[in-house]
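Working notes, beginning with the structure itself.
There are 2 protein chains.
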Amino acid sequence: MVAPSTRTPRRSDATRAEILRAARARFAADGYQKATIRAIAADAGIDPSMVMRYYGTKDQLFAAAVDIDLRLPDLTRIPQRRLGVTLVAHFLHRWEGAAADDGLLMLLRSAATDRAAAERLRTAFRGQLVPVVRHLVDNRAQAAERAGLVATQMLGLALCRNILRLPPVAAMSPDTLAARIGPTVQRYLTGRLPSGTSPGGTSPSGTSPRTGRAGAAGTG
Amino acid sequence: MVAPSTRTPRRSDATRAEILRAARARFAADGYQKATIRAIAADAGIDPSMVMRYYGTKDQLFAAAVDIDLRLPDLTRIPQRRLGVTLVAHFLHRWEGAAADDGLLMLLRSAATDRAAAERLRTAFRGQLVPVVRHLVDNRAQAAERAGLVATQMLGLALCRNILRLPPVAAMSPDTLAARIGPTVQRYLTGRLPSGTSPGGTSPSGTSPRTGRAGAAGTG
DNA sequence: CTGGCATGTCAACAAGTGTTCGCATACGGT
DNA sequence: ACCGTATGCGAACACTTGTTGACATGCCAG
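Sequence lines, in order, name chains A and B.
Quick note: the first sequence uses the numbering used here, first residue 306, plus one each step.
Quick note: the second sequence uses the numbering used here, first residue 306, plus one each step.
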């Protein structure tokens with residue numbers, strides 16, 4: 306991807322890629338445990354032992370298959386009022402649009418029972434979502450809290466829509482979902498955080514985000 | 306539970322109960338697949354074959370272990386403005402309070418990879434959450450949609466807090482969470498549904514719930 | 001053409017799974 | 001006391017899993 310001179314273009318690169326493709330699909334569809342090496346190999350049209358030869362172990366194959374990249378946009382370059390809808394639309398597009406990426410579903414399915422996958426998800430949260438939110442909010446602890454709230458809503462959406470397939474949620478169009486859920490995310494990001502223990506909030510009125518005009522988000 | 310004369314109190318009832326207890330714990334902790342009959346039997350302190358004798362098969366054991374009862378309160382008897390926080394607090398108390406019930410976690414963990422468990426969850430949603438919401442909203446389709454939105458938030462909360470254990474979400478106190486997330490649920494239940502395809506909404510201004518005074522929910 | 005290595009297949013292993021069967025044992029009614 | 005049955009155990013079966021090693025086959029350098 307980076308430099309074309311990435312050394313030694315092996316003849317088996319096609320097979321390697323095919324294995325990875327099959328692995329991604331299987332892991333996304335079945336989760337870590339249920340996805341068997343044999344099934345992946347069958348999908349890739351080769352022998353199971355090849356999988357081991359090229360990727361060592363099932364764990365390592367999973368590690369190679371999962372490259373969770375939320376590709377979050379720079380939120381500071383988005384109109385303040387549209388942060389919520391934009392973010393929801395982004396996620397929907399990210400995992401069911403044209404350039405869909407099974408990464409999150411893969412991880413979500415697996416994380417329910419596999420603690421390594423859960424750790425991955427926590428890492429992605431800490432390393433990708435929290436930093437982006439931190440650009441909007443000064444207070445570190447508060448940024449983490451806001452990011453956490455956003456995660457509950459976004460992962461819940463992914464869960465209900467793409468995994469559980471709750472009929473009403475699965476039936477709604479991406480636009481409708483963005484319109485319905487956008488305000489929630491908007492409030493989590495920029496709204497006042499109503500009363501409650503504010504962890505680490507040292508600033509006097511520490512429940513306000515950097516973008517001053519907070520509050521009435523979610524009323525349309 | 307109902308009548309003490311429930312016929313033939315067998316001598317093995319204690320064992321049966323112990324098996325069920327161990328099964329619930331294991332299913333909740335590991336999910337359907339990862340929870341093995343042998344492990345459950347070991348937890349219960351008996352032989353694996355006893356599990357089969359008393360419950361037939363692993364599927365049937367799972368079916369016997371899961372009795373998802375959200376015990377949702379009658380929302381019509383709750384102050385309109387407090388619907389959201391009440392509901393969030395109820396759920397938090399339901400699955401981590403004194404009378405905690407692993408049922409939902411059990412189902413959530415399993416539903417990610419087991420389609421039978423997912424179907425259970427859909428049934429619980431359709432049979433318990435939707436009807437309660439329907440008491441608040443006339444339009445059936447709209448009630449289902451609102452219930453779906455509530456599900457995305459509540460299941461997302463359960464997921465992030467009790468399964469993924471995202472640090473910020475896991476660290477927040479139940480009260481704080483209710484204060485933060487309550488308004489979201491409130492808006493999903495009684496708020497105006499902002500523009501977007503309104504499925505089945507035949508009424509002219511069909512985006513308003515029965516409880517007239519909608520709108521500015523979530524601004525504190 | 002020929003050797004050496006990458007690529008791939010086949011068969012098998014050891015461990016773990018749900019599940020079944022046969023055999024002890026202890027209880028409860030007569 | 002005795003017998004039928006419920007209760008429990010242990011071993012085993014058939015199967016799937018991840019993983020490994022021996023063996024075939026193709027490609028390219030010399």
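Every residue, glycine too, gets a C-beta built ideally from N, C-alpha and C.
Because the structure is a prediction, the values reported are computed rather than measured.
Q458/A is classed as buried because its beta carbon has at least 16 other beta carbons within 10 Å across all chains shown. In the same chain as C465/A, and ignoring 5 residues on each side of it, the C-beta atoms closer than 6 Å to its own belong to L471 and V474, in chain order. Using a Cβ distance threshold of 8 Å, L494/B and V435/B do not count as a contacting pair. Here N444/B carries a coil assignment [DSSP, helix/strand/coil].
For the 8 Å CB-CB criterion, A349/A and E323/A form a contact.
Across the structure, D372/B and R316/A are spaced so that their CA atoms are roughly 55 Å apart. Within the stretch 392 to 420 of chain B, contact with chain A at the beta-carbon level (separation under 9 Å) is assigned to L413, R414, S415, A416, A417, T418 and D419.
Annotated three-state conformation of L409/B is helix, per DSSP. For Q447/A, the number of other beta carbons within 10 angstroms of its own is at least 16, and it is reported as buried. The three-state reading of DSSP puts I486/B in helix, counting H, G and I together. If you ignore the 5 residues before and after E424/B, its C-beta comes within less than 7 Å of no other C-beta in its own chain.
As the crow flies, the alpha-carbon of G453/B is around 41 Å from that of V356/A. Residues of the stretch 418 to 437 of chain A whose Cβ lies closer than 9 Å to any Cβ of chain B, in chain order: T418, D419, A423, L426, R427, F430, R431 and V435. Taking 8 Å as the cut-off between beta carbons, the residues of the stretch 327 to 341 of chain B near chain A are D335, G336, Q338 and K339, in sequence order. The beta carbon of A344/A does not come within 8 Å of any beta carbon belonging to chain B, so the residue lies off that interface.
The Cβ-Cβ distance between V437/B and L380/B falls below 8 Å.
For A394/A, the uninterrupted alpha helix (DSSP H) run begins and ends at L388 to E401, by DSSP. P384/A is outside the set of residues whose beta carbon lies under 8 Å from a beta carbon in chain B.
At a cut-off of 8 Å between C-beta atoms, M357/A does not count as an interface residue with respect to chain B. Non-local beta-carbon contacts of R414/B in its own chain, meaning distances under 6 Å to residues more than five positions away in sequence, involve G336 in chain order. Of the residues L441/A, E401/A, I486/A and G461/A, the one whose Cα lies closest to the Cα of A333/A is E401/A. Only residues of its own chain outside the window of five on either side were considered, and among them V371, I373, A422, R425 and L426 have a CB closer than 7 Å to the CB of L412/B, listed in chain order. For T457/B, a Cβ of chain A is located within less than 8 Å of the residue's own Cβ. In the structure shown, the three-state DSSP call for T362/A is coil. The beta-carbon of R439/A is placed no less than 8 Å from the nearest beta-carbon of chain B. Here DSSP, grouped into helix, strand and coil, assigns I351/A to coil.
In the DSSP annotation of this structure, the continuous segment of the alpha helix (DSSP H) that includes T320/A starts and ends at D318 to K339. When only Cα atoms are considered, Y359/B and R445/A end up about 54 Å apart. Residues of chain A whose Cβ lies closer than 9 Å to the Cβ of V474/B are, in chain order, E450, G453, L454, A456 and T457. Within the stretch 466 to 494 of chain B, the residues whose Cβ lies closer than 9 Å to any Cβ of chain A are, in chain order, R466, I468, L469, R470, L471, P472, P473, V474, A475, A476, M477, S478, D480, T481, L482, A483, A484, R485, I486, G487, P488, T489, R492 and Y493.
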